[in-house]
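Notes for the one structure printed next.
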(Lines of atoms letter the chains of each structure in order from A and count residues from 1; the text may use other names and numbers.)
(Lines give C-alpha, C1' and ligand atoms only; values in the text may rest on other atoms or scores of the structure.)
Protein backbone atom coordinates (compact mmCIF):
# COMPACT_ATOMS: atom_id res chain seq x y z
CA UNK A 1 0.00 0.00 0.00
CA UNK A 2 2.84 2.41 0.73
CA UNK A 3 4.21 1.83 -2.76
CA UNK A 4 0.82 2.46 -4.37
CA UNK A 5 0.29 5.68 -2.38
CA UNK A 6 3.67 7.09 -3.35
CA UNK A 7 3.29 10.01 -5.79
CA UNK A 8 4.62 9.33 -9.24
CA UNK A 9 8.11 10.74 -9.65
CA UNK A 10 9.31 11.03 -13.22
CA UNK A 11 10.73 13.65 -15.52
CA UNK A 12 8.78 12.27 -18.46
CA UNK A 13 6.47 14.91 -19.89
CA UNK A 14 2.91 13.95 -20.71
CA UNK A 15 -0.34 15.47 -21.87
CA UNK A 16 -2.90 16.24 -19.14
CA UNK A 17 -6.44 17.56 -19.55
CA UNK A 18 -8.12 19.80 -16.98
CA UNK A 19 -11.86 20.48 -17.28
CA UNK A 20 -12.96 23.59 -15.33
CA UNK A 21 -16.27 23.16 -13.50
CA UNK A 22 -17.17 26.81 -12.88
CA UNK A 23 -14.95 28.91 -15.13
CA UNK A 24 -14.03 29.26 -18.77
CA UNK A 25 -10.75 27.72 -19.83
CA UNK A 26 -9.68 30.85 -21.69
CA UNK A 27 -10.23 32.99 -18.58
CA UNK A 28 -8.14 30.62 -16.45
CA UNK A 29 -5.41 30.77 -19.06
CA UNK A 30 -5.43 34.56 -18.99
CA UNK A 31 -5.19 34.47 -15.19
CA UNK A 32 -2.19 32.14 -15.37
CA UNK A 33 -0.54 34.50 -17.82
CA UNK A 34 -0.82 37.29 -15.26
CA UNK A 35 0.17 35.25 -12.20
CA UNK A 36 3.11 33.44 -13.77
CA UNK A 37 4.29 36.25 -16.02
CA UNK A 38 3.43 34.43 -19.22
CA UNK A 39 3.53 36.22 -22.57
CA UNK A 40 0.27 37.24 -24.18
CA UNK A 41 -0.86 34.39 -26.41
CA UNK A 42 -2.67 34.42 -29.72
CA UNK A 43 -5.64 32.37 -30.86
CA UNK A 44 -5.30 29.62 -33.40
CA UNK A 45 -8.21 27.32 -34.30
CA UNK A 46 -9.98 28.05 -31.03
CA UNK A 47 -6.97 27.28 -28.84
CA UNK A 48 -4.77 29.41 -26.59
CA UNK A 49 -1.17 28.52 -25.86
CA UNK A 50 1.19 29.88 -23.26
CA UNK A 51 4.37 28.95 -21.43
CA UNK A 52 5.79 29.63 -17.99
CA UNK A 53 9.19 31.30 -17.82
CA UNK A 54 11.41 30.88 -14.78
CA UNK A 55 8.47 30.00 -12.55
CA UNK A 56 9.34 28.77 -9.07
CA UNK A 57 5.95 27.07 -8.91
CA UNK A 58 7.13 24.45 -11.40
CA UNK A 59 10.72 24.20 -10.22
CA UNK A 60 11.94 20.85 -8.90
CA UNK A 61 13.53 20.70 -5.49
CA UNK A 62 16.95 22.26 -5.37
CA UNK A 63 16.63 24.82 -8.12
CA UNK A 64 14.53 26.85 -10.47
CA UNK A 65 13.75 25.54 -13.92
CA UNK A 66 13.39 27.69 -17.00
CA UNK A 67 10.47 26.63 -19.16
CA UNK A 68 9.21 27.88 -22.52
CA UNK A 69 6.68 27.58 -25.35
CA UNK A 70 7.00 26.99 -29.05
CA UNK A 71 4.06 28.54 -30.92
CA UNK A 72 2.74 26.41 -33.73
CA UNK A 73 5.31 23.65 -33.20
CA UNK A 74 4.41 20.01 -32.69
CA UNK A 75 5.13 18.58 -29.26
CA UNK A 76 8.35 16.70 -28.74
CA UNK A 77 8.01 12.96 -28.10
CA UNK A 78 7.27 12.07 -24.50
CA UNK A 79 10.43 12.02 -22.43
CA UNK A 80 12.53 13.82 -25.03
CA UNK A 81 13.27 17.51 -25.11
CA UNK A 82 14.03 19.44 -28.27
CA UNK A 83 17.26 21.37 -28.24
CA UNK A 84 17.20 25.16 -28.34
CA UNK A 85 18.86 25.12 -31.77
CA UNK A 86 16.10 22.89 -33.24
CA UNK A 87 13.38 25.03 -31.67
CA UNK A 88 14.89 28.21 -33.05
CA UNK A 89 15.20 26.65 -36.50
CA UNK A 90 11.50 25.74 -36.36
CA UNK A 91 10.53 29.39 -35.82
CA UNK A 92 9.75 29.19 -32.08
CA UNK A 93 9.22 32.42 -30.19
CA UNK A 94 11.23 31.01 -27.28
CA UNK A 95 13.26 27.86 -26.97
CA UNK A 96 14.08 26.34 -23.63
CA UNK A 97 14.62 22.68 -22.87
CA UNK A 98 12.15 22.07 -20.04
CA UNK A 99 9.13 23.78 -21.57
CA UNK A 100 5.60 23.56 -20.22
CA UNK A 101 2.86 24.13 -22.73
CA UNK A 102 -0.71 25.14 -21.91
CA UNK A 103 -3.58 25.38 -24.38
CA UNK A 104 -7.20 26.39 -23.80
CA UNK A 105 -9.71 24.53 -25.97
CA UNK A 106 -12.67 26.91 -26.15
CA UNK A 107 -14.92 24.40 -27.91
CA UNK A 108 -14.69 21.78 -25.15
CA UNK A 109 -13.89 24.25 -22.35
CA UNK A 110 -10.78 22.30 -21.46
CA UNK A 111 -7.15 23.05 -20.71
CA UNK A 112 -4.48 20.82 -22.27
CA UNK A 113 -1.21 20.88 -20.35
CA UNK A 114 2.07 19.33 -21.52
CA UNK A 115 4.33 18.86 -18.48
CA UNK A 116 5.79 16.34 -16.06
CA UNK A 117 3.37 14.79 -13.51
CA UNK A 118 5.01 16.67 -10.64
CA UNK A 119 4.69 20.04 -12.33
CA UNK A 120 1.16 19.31 -13.47
CA UNK A 121 0.09 18.57 -9.88
CA UNK A 122 1.41 21.97 -8.80
CA UNK A 123 -0.44 23.65 -11.63
CA UNK A 124 -3.63 21.66 -10.97
CA UNK A 125 -3.69 22.83 -7.35
CA UNK A 126 -3.67 26.44 -8.48
CA UNK A 127 -6.32 25.82 -11.14
CA UNK A 128 -8.72 24.23 -8.64
CA UNK A 129 -8.30 27.20 -6.30
CA UNK A 130 -9.13 29.55 -9.16
CA UNK A 131 -12.01 27.44 -10.49
CA UNK A 132 -14.69 28.51 -8.04
CA UNK A 133 -18.32 29.37 -8.75
CA UNK A 134 -18.52 33.09 -9.56
CA UNK A 135 -21.08 35.19 -7.77
CA UNK A 136 -24.11 36.40 -9.68
CA UNK A 137 -26.12 39.54 -9.11
CA UNK A 138 -29.85 39.95 -9.61
CA UNK A 139 -30.45 43.58 -10.56
CA UNK A 140 -33.88 45.07 -9.99
CA UNK A 141 -34.03 48.43 -11.75
CA UNK A 142 -36.66 51.13 -12.13
CA UNK A 143 -36.31 54.11 -14.45
CA UNK A 144 -38.95 56.78 -13.81
CA UNK A 145 -39.84 60.41 -14.32
CA UNK A 146 -41.07 62.41 -11.33
CA UNK A 147 -43.31 65.46 -11.78
CA UNK A 148 -41.81 68.41 -9.92
CA UNK A 149 -44.90 70.09 -8.49
CA UNK A 150 -46.03 71.14 -5.02
CA UNK A 151 -43.62 69.69 -2.45
CA UNK A 152 -41.45 68.28 -5.24
CA UNK A 153 -41.03 71.56 -7.12
CA UNK A 154 -37.39 71.93 -5.99
CA UNK A 155 -36.45 68.39 -6.93
CA UNK A 156 -36.55 64.98 -5.32
CA UNK A 157 -33.35 65.51 -3.33
CA UNK A 158 -34.75 68.60 -1.59
CA UNK A 159 -38.00 66.74 -0.91
CA UNK A 160 -36.15 63.84 0.72
CA UNK A 161 -34.11 66.17 2.89
CA UNK A 162 -37.21 68.05 4.06
CA UNK A 163 -39.00 64.92 5.24
CA UNK A 164 -39.00 64.34 8.99
CA UNK A 165 -36.81 61.41 9.93
CA UNK A 166 -35.39 61.11 6.43
CA UNK A 167 -32.27 58.95 6.33
CA UNK A 168 -30.67 60.92 3.50
CA UNK A 169 -28.38 62.99 5.71
CA UNK A 170 -26.32 59.95 6.62
CA UNK A 171 -26.43 58.21 3.26
CA UNK A 172 -25.75 61.02 0.82
CA UNK A 173 -22.69 60.86 -1.41
CA UNK A 174 -20.40 61.44 1.55
CA UNK A 175 -22.10 58.83 3.71
CA UNK A 176 -21.12 55.52 5.24
CA UNK A 177 -20.49 53.77 1.93
CA UNK A 178 -18.20 56.51 0.65
CA UNK A 179 -20.22 57.37 -2.44
CA UNK A 180 -18.65 60.03 -4.62
CA UNK A 181 -20.04 62.57 -7.05
CA UNK A 182 -19.34 62.21 -10.76
CA UNK A 183 -19.99 64.40 -13.78
CA UNK A 184 -23.60 64.57 -14.93
CA UNK A 185 -25.05 63.35 -11.65
CA UNK A 186 -26.38 65.62 -8.91
CA UNK A 187 -26.71 63.06 -6.15
CA UNK A 188 -26.74 59.37 -5.36
CA UNK A 189 -28.44 57.91 -2.31
CA UNK A 190 -28.50 54.47 -0.74
CA UNK A 191 -31.38 53.17 1.37
CA UNK A 192 -33.90 50.38 1.66
CA UNK A 193 -36.92 52.74 1.72
CA UNK A 194 -36.81 54.56 -1.61
CA UNK A 195 -38.83 51.95 -3.46
CA UNK A 196 -41.69 52.51 -1.01
CA UNK A 197 -41.41 56.27 -1.52
CA UNK A 198 -41.57 56.01 -5.32
CA UNK A 199 -44.61 53.74 -5.10
CA UNK A 200 -46.34 56.28 -2.86
CA UNK A 201 -45.64 59.05 -5.37
CA UNK A 202 -46.94 56.84 -8.18
CA UNK A 203 -50.28 56.49 -6.39
CA UNK A 204 -50.56 60.28 -6.49
CA UNK A 205 -49.91 60.24 -10.26
CA UNK A 206 -46.58 62.00 -9.78
CA UNK A 207 -44.38 59.26 -11.23
CA UNK A 208 -44.24 57.82 -14.73
CA UNK A 209 -42.32 54.53 -14.86
CA UNK A 210 -40.34 54.27 -18.11
CA UNK A 211 -38.84 50.84 -17.48
CA UNK A 212 -38.75 48.32 -14.63
CA UNK A 213 -36.57 45.34 -15.60
CA UNK A 214 -35.02 42.47 -13.66
CA UNK A 215 -31.83 41.00 -15.04
CA UNK A 216 -29.23 38.50 -13.83
CA UNK A 217 -25.57 39.22 -14.49
CA UNK A 218 -22.33 37.49 -13.60
CA UNK A 219 -19.84 39.20 -11.30
CA UNK A 220 -17.60 41.50 -13.32
CA UNK A 221 -19.74 41.44 -16.47
CA UNK A 222 -21.99 44.15 -17.91
CA UNK A 223 -25.77 43.94 -18.09
CA UNK A 224 -27.43 46.03 -20.79
CA UNK A 225 -31.09 46.77 -21.42
CA UNK A 226 -32.72 48.96 -24.08
CA UNK A 227 -36.43 49.78 -24.22
CA UNK A 228 -37.73 52.21 -26.82
CA UNK A 229 -38.63 52.90 -30.43
CA UNK A 230 -36.84 53.71 -33.66
CA UNK A 231 -37.90 56.87 -35.46
CA UNK A 232 -37.14 57.77 -39.09
CA UNK A 233 -34.78 60.69 -39.70
CA UNK A 234 -34.31 62.27 -43.13
CA UNK A 235 -30.66 62.03 -44.19
CA UNK A 236 -30.89 63.32 -47.76
CA UNK A 237 -33.10 64.48 -50.61
CA UNK A 238 -32.71 63.84 -54.34
CA UNK A 239 -34.70 65.54 -57.10
CA UNK A 240 -36.43 63.14 -59.46
CA UNK A 241 -36.37 64.19 -63.13
CA UNK A 242 -38.59 62.92 -65.93
CA UNK A 243 -37.25 60.79 -68.77
CA UNK A 244 -36.61 63.83 -70.93
CA UNK A 245 -34.47 65.44 -68.28
CA UNK A 246 -36.27 68.77 -68.52
CA UNK A 247 -38.73 68.74 -65.64
CA UNK A 248 -38.54 67.77 -61.98
CA UNK A 249 -41.29 65.34 -61.06
CA UNK A 250 -40.67 65.04 -57.35
CA UNK A 251 -38.22 64.58 -54.53
CA UNK A 252 -36.86 61.26 -53.25
CA UNK A 253 -35.92 61.21 -49.58
CA UNK A 254 -33.55 58.82 -47.87
CA UNK A 255 -34.17 57.90 -44.25
CA UNK A 256 -32.17 56.47 -41.39
CA UNK A 257 -33.74 55.06 -38.24
CA UNK A 258 -32.48 56.35 -34.92
CA UNK A 259 -33.07 54.57 -31.64
CA UNK A 260 -34.85 56.41 -28.85
CA UNK A 261 -35.92 55.32 -25.41
CA UNK A 262 -34.11 54.09 -22.31
CA UNK A 263 -30.70 52.41 -22.33
CA UNK A 264 -29.31 51.14 -19.02
CA UNK A 265 -25.90 49.51 -18.55
CA UNK A 266 -24.74 48.20 -15.17
CA UNK A 267 -21.43 46.46 -14.41
CA UNK A 268 -21.44 45.05 -10.83
CA UNK A 269 -18.39 43.89 -8.87
CA UNK A 270 -18.89 41.85 -5.68
CA UNK A 271 -16.51 42.36 -2.75
CA UNK A 272 -15.70 39.94 0.04
CA UNK A 273 -17.49 42.12 2.62
CA UNK A 274 -20.82 41.51 0.88
CA UNK A 275 -21.06 44.89 -0.82
CA UNK A 276 -21.36 45.60 -4.53
CA UNK A 277 -19.70 48.27 -6.64
CA UNK A 278 -22.02 49.35 -9.47
CA UNK A 279 -20.69 51.11 -12.56
CA UNK A 280 -23.85 52.62 -14.06
CA UNK A 281 -24.49 54.27 -17.40
CA UNK A 282 -27.98 55.59 -18.15
CA UNK A 283 -29.23 57.24 -21.34
CA UNK A 284 -32.76 58.46 -22.07
CA UNK A 285 -33.52 59.95 -25.49
CA UNK A 286 -36.88 61.08 -26.75
CA UNK A 287 -38.02 62.93 -29.89
CA UNK A 288 -39.44 66.40 -29.59
CA UNK A 289 -42.02 68.24 -31.69
CA UNK A 290 -40.90 68.92 -35.26
CA UNK A 291 -42.14 71.35 -37.86
CA UNK A 292 -43.66 70.30 -41.15
CA UNK A 293 -41.17 68.20 -43.12
CA UNK A 294 -38.40 68.65 -40.54
CA UNK A 295 -36.55 66.10 -38.45
CA UNK A 296 -37.68 66.02 -34.82
CA UNK A 297 -35.14 67.21 -32.26
CA UNK A 298 -33.78 64.46 -30.02
CA UNK A 299 -33.54 65.27 -26.32
CA UNK A 300 -30.84 63.23 -24.56
CA UNK A 301 -30.34 62.92 -20.82
CA UNK A 302 -27.33 60.90 -19.72
CA UNK A 303 -25.83 59.99 -16.37
CA UNK A 304 -22.74 57.93 -15.63
CA UNK A 305 -21.46 57.09 -12.17
CA UNK A 306 -20.02 54.45 -9.87
CA UNK A 307 -21.59 53.74 -6.47
CA UNK A 308 -21.33 51.18 -3.69
CA UNK A 309 -24.24 49.46 -1.92
CA UNK A 310 -24.97 46.39 0.15
CA UNK A 311 -26.92 43.41 -1.12
CA UNK A 312 -30.63 44.26 -0.98
CA UNK A 313 -30.12 48.02 -0.65
CA UNK A 314 -31.56 50.40 -3.23
CA UNK A 315 -29.40 52.96 -5.00
CA UNK A 316 -31.27 56.09 -6.09
CA UNK A 317 -29.71 58.22 -8.82
CA UNK A 318 -31.19 61.54 -9.85
CA UNK A 319 -30.69 65.19 -10.61
CA UNK A 320 -31.43 65.26 -14.36
CA UNK A 321 -34.28 67.77 -14.69
CA UNK A 322 -36.19 68.57 -17.88
CA UNK A 323 -38.49 71.53 -18.52
CA UNK A 324 -41.33 71.51 -21.07
CA UNK A 325 -43.12 74.66 -22.22
CA UNK A 326 -46.27 74.21 -24.29
CA UNK A 327 -49.02 76.45 -25.64
CA UNK A 328 -52.64 75.38 -26.10
CA UNK A 329 -55.43 77.21 -27.90
CA UNK A 330 -59.16 76.52 -27.75
CA UNK A 331 -61.83 78.36 -29.76
CA UNK A 332 -65.43 78.30 -30.93
CA UNK A 333 -65.59 77.05 -34.52
CA UNK A 334 -66.05 79.81 -37.12
CA UNK A 335 -66.46 82.55 -34.52
CA UNK A 336 -62.89 82.15 -33.35
CA UNK A 337 -61.65 82.87 -36.89
CA UNK A 338 -63.50 86.17 -37.37
CA UNK A 339 -61.11 89.02 -38.22
CA UNK A 340 -60.81 91.50 -35.40
CA UNK A 341 -63.33 89.68 -33.19
CA UNK A 342 -61.95 86.15 -33.16
CA UNK A 343 -59.98 86.71 -29.96
CA UNK A 344 -63.26 87.13 -28.10
CA UNK A 345 -64.23 83.55 -28.87
CA UNK A 346 -60.97 81.72 -28.12
CA UNK A 347 -58.66 81.18 -25.18
CA UNK A 348 -54.92 80.50 -25.00
CA UNK A 349 -53.14 78.73 -22.14
CA UNK A 350 -49.49 78.00 -21.47
CA UNK A 351 -48.17 75.01 -19.53
CA UNK A 352 -44.82 74.77 -17.81
CA UNK A 353 -43.86 71.24 -16.73
CA UNK A 354 -40.72 70.11 -14.95
CA UNK A 355 -39.72 66.46 -14.55
CA UNK A 356 -36.75 64.73 -12.96
CA UNK A 357 -35.28 61.47 -14.23
CA UNK A 358 -34.52 59.00 -11.42
CA UNK A 359 -33.01 55.53 -11.54
CA UNK A 360 -33.36 52.98 -8.73
CA UNK A 361 -31.19 49.86 -8.74
CA UNK A 362 -31.30 47.10 -6.11
CA UNK A 363 -28.55 44.45 -6.31
CA UNK A 364 -29.00 40.99 -4.77
CA UNK A 365 -25.86 38.86 -4.45
CA UNK A 366 -26.32 35.17 -5.33
CA UNK A 367 -23.47 32.87 -4.35
CA UNK A 368 -25.06 29.42 -4.67
CA UNK A 369 -27.53 27.51 -6.81
CA UNK A 370 -29.79 27.20 -3.74
CA UNK A 371 -30.15 30.98 -3.53
CA UNK A 372 -30.86 31.07 -7.26
CA UNK A 373 -33.63 28.49 -6.85
CA UNK A 374 -35.18 30.46 -3.99
CA UNK A 375 -35.28 33.66 -6.04
CA UNK A 376 -36.73 31.78 -9.00
CA UNK A 377 -39.52 30.35 -6.85
CA UNK A 378 -40.26 33.78 -5.39
CA UNK A 379 -40.59 35.37 -8.83
CA UNK A 380 -42.73 32.47 -10.05
CA UNK A 381 -44.97 32.89 -7.01
CA UNK A 382 -45.54 36.55 -7.89
CA UNK A 383 -46.77 35.56 -11.35
CA UNK A 384 -49.04 32.88 -9.92
CA UNK A 385 -50.70 35.45 -7.66
CA UNK A 386 -51.78 37.51 -10.65
CA UNK A 387 -55.46 37.07 -11.37
CA UNK A 388 -56.43 35.93 -14.83
CA UNK A 389 -58.31 38.64 -16.77
CA UNK A 390 -62.06 38.25 -16.97
CA UNK A 391 -63.95 37.36 -20.15
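Numbering (the numbering used here), first residue to last: 2 to 392.
The beta carbon of each residue, even a glycine, is placed where N, CA and C say it ideally should be.
Indicate the three-state DSSP secondary structure (helix, strand or coil) for residue i in the structure shown.
i           : result
residue 368 : coil
residue 108 : coil
residue 269 : strand
residue 341 : coil
residue 13  : coil
residue 233 : strand
residue 385 : helix
residue 375 : helix
residue 333 : coil
residue 101 : coil
residue 264 : strand
residue 20  : coil
residue 44  : Low confidence applies here, because residue 44 scores a pLDDT of 47, under 50, leaving its location unreliable and the question unanswered by this model.
Whose CA, out of the options, lies closest to the CA of residue i?
i           : options               : result
residue 213 : 255, 228 and 240      : 228
residue 319 : 310, 277 and 362      : 362
residue 321 : 303, 310 and 311      : 303
residue 17  : 35, 103 and 31        : 103
residue 314 : 364, 290 and 269      : 364
residue 272 : 331, 367 and 343      : 367
residue 221 : 370, 385 and 138      : 138
residue 299 : 211, 288, 36 and 354  : 288
residue 257 : 134, 241 and 237      : 237
residue 305 : 267, 295, 331 and 341 : 267
residue 370 : 276, 239, 382 and 135 : 135
residue 105 : 118, 122, 34 and 38   : 34
residue 211 : 286, 224, 270 and 278 : 286
residue 308 : 331, 323 and 276      : 276
residue 12  : 32, 119 and 219       : 119
residue 224 : 384, 348 and 265      : 265
residue 1   : 382, 133, 348 and 323 : Residue 1 cannot be examined here, being either before or after the span of the chain that is shown, 2 to 392.
residue 207 : 147, 240, 216 and 218 : 147
residue 15  : 29, 30, 117 and 32    : 117
residue 131 : 386, 378 and 27       : 27
residue 348 : 341, 331, 354 and 342 : 331
residue 133 : 218, 121, 25 and 216  : 25
residue 215 : 380, 29 and 31        : 380
residue 295 : 254, 378 and 278      : 254
Could you give the residue range of the alpha helix (DSSP H) that holds residue i?
i           : result
residue 394 : With the chain running from 2 to 392 in the structure shown, residue 394 is simply not present.
residue 119 : 118 to 131
With residue i as the anchor, note down where its beta strand (DSSP E) starts and where it stops.
i           : result
residue 143 : 137 to 148
residue 213 : Neither: residue 213 is in no beta strand (DSSP E) and is coded neither H nor E.
Give a yes or no on contact between the segment 18 to 26 and the segment 106 to 124, applying the rule of three or more CB pairs nearer than 8 Å.
-> yes
How do the segment 353 to 363 and the segment 123 to 137 stand: do at least 3 beta-carbon pairs fall below 8 Å, yes or no?
-> no
Count the C-beta pairs between the segment 249 to 265 and the segment 218 to 232 that are closer than 8 Å, then say yes if the count reaches three, no if not.
-> yes
Would you call the segment 141 to 148 and the segment 368 to 379 in contact, with 3 or more CB pairs under 8 Å?
-> no
Taking only runs that begin and end inside the segment 284 to 321, name each unbroken beta strand (DSSP E) of 3 or more residues, in chain order.
-> 299 to 311
Is it a yes or a no for the segment 270 to 287 touching the segment 333 to 343, going by three-plus beta-carbon pairs under 8 Å?
-> Output reads no: the segment 333 to 343 does not touch the segment 270 to 287.
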